Amino acid sequence: MAMIFLGGSRDIFELPAPVIERIGAIVAAEHGVLIGDAPGADAEMQGLLAGYKYEHVGVFHARAEPRNNLGDWAAYHIPPPAGAQGFAVHAEKDREMARRADFGLMIWNGESPGTALNMLRLALAGNPCVIYDTMRRTVCTLHDTADWRAMIEDAGPDIRRQIETRMTPDECLDLTA
Numbered sequence: 000m001a002m003i004f005l006g007g008s009r010d011i012f013e014l015p016a017p018v019i020e021r022i023g024a025i026v027a028a029e030h031g032v033l034i035g036d037a038p039g040a041d042a043e044m045q046g047l048l049a050g051y052k053y054e055h056v057g058v059f060h061a062r063a064e065p066r067n068n069l070g071d072w073a074a075y076h077i078p079p080p081a082g083a084q085g086f087a088v089h090a091e092k093d094r095e096m097a098r099r100a101d102f103g104l105m106i107w108n109g110e111s112p113g114t115a116l117n118m119l120r121l122a123l124a125g126n127p128c129v130i131y132d133t134m135r136r137t138v139c140t141l142h143d144t145a146d147w148r149a150m151i152e153d154a155g156p157d158i159r160r161q162i163e164t165r166m167t168p169d170e171c172l173d174l175t176a
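In numbering that gives the first Met the number 0, the protein residues as written are 0 to 176.
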């Protein structure tokens, strides 16, 4: 059973048809799903999986309890580093999902630094990631960091700066290697 990391931008509250189709294919193939607990894309995808009554799902969360666990699935608490605030509270759980995944499926709005970093983490691990870009209404697959760089180039300098400020030193090093 392959493990698929599902994720996306927190401001996405409607799943695009190609994403619904891919999640249907994941369910039909009985792949394992790794998903976060955030509102937005995570919660929408959880809702779809719960509607299928799909059981092979693990919900990763940083706080004591998941913000969303719509299928009452197994929950994996990945505590943040001491003193973490803002985005850093949830970054370690995202890194853990990327470490455990064989593939990714991300919904990106062209702006979310967290989603972009999850795509990078999958690329650094050599794991393909299907991206649905809601801004351009396109689907592509990232296979490596060159693909990731090409996609991020279109995001604009402000978004790229936000991504860079959230990277760990190891992620920066791995990207330049």
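Backbone N, C-alpha and C fix where the C-beta goes; we use that ideal spot for every residue, glycine too. Keep in mind the model is a prediction, meaning the values are calculated, not measured.
From the DSSP secondary-structure annotation, give me the bridge partner or partners of residue i.
i, result
"T137", "D132"
"M105", "G6 and I130"
Hey, how far is the Cα of residue i from the Cα of residue j?
i, j, result
"N108", "P168", "25 Å"
"M105", "D146", "14 Å"
"V58", "R148", "29 Å"
"E29", "R21", "12 Å"
"A63", "E163", "28 Å"
"G35", "S8", "11 Å"
"G31", "P15", "21 Å"
"G155", "D132", "15 Å"
"P38", "V56", "17 Å"
"M134", "E170", "26 Å"
"I25", "R98", "19 Å"
"A27", "Y51", "10 Å"
"E110", "I158", "6 Å"
"P112", "Q161", "6 Å"
"T138", "V129", "According to the sequence shown, residue 138 is Val rather than Thr. Rounded to whole angstroms, V138 to V129 spans 7 Å at the Cα level."
So for residue i, helix, strand or coil by DSSP?
i, result
"P156", "helix"
"M118", "helix"
"A97", "helix"
"G113", "helix"
"A83", "coil"
"A145", "helix"
"T167", "coil"
"M150", "helix"
"A90", "helix"
I believe residue i touches residue j by the beta-carbon criterion, under 8 Å. Please report the beta-carbon distance rounded to the nearest angstrom.
i, j, result
"F4", "M96", "5 Å"
"G6", "T114", "6 Å"
"A74", "N68", "6 Å"
"L141", "P127", "7 Å"
"A90", "L121", "Not quite, the Cβ-Cβ distance comes to about 14 Å (not below 8 Å), so this is no contact."
Please indicate yes or no: does the CB of residue i lie closer than 7 Å to some heavy atom of the ligand FMN?
i, result
"A40", "The ligand FMN is not among the ligands present in this structure, which contains no ligands whatsoever."
**Item:** Those runs of the beta strand (DSSP E) which lie wholly inside the region 4 to 77 and span at least 3 residues
**Value:** Listed in chain order, the beta strand (DSSP E) elements of length 3 or more contained wholly in the region 4 to 77 are 31 to 35, 56 to 60 and 73 to 76.
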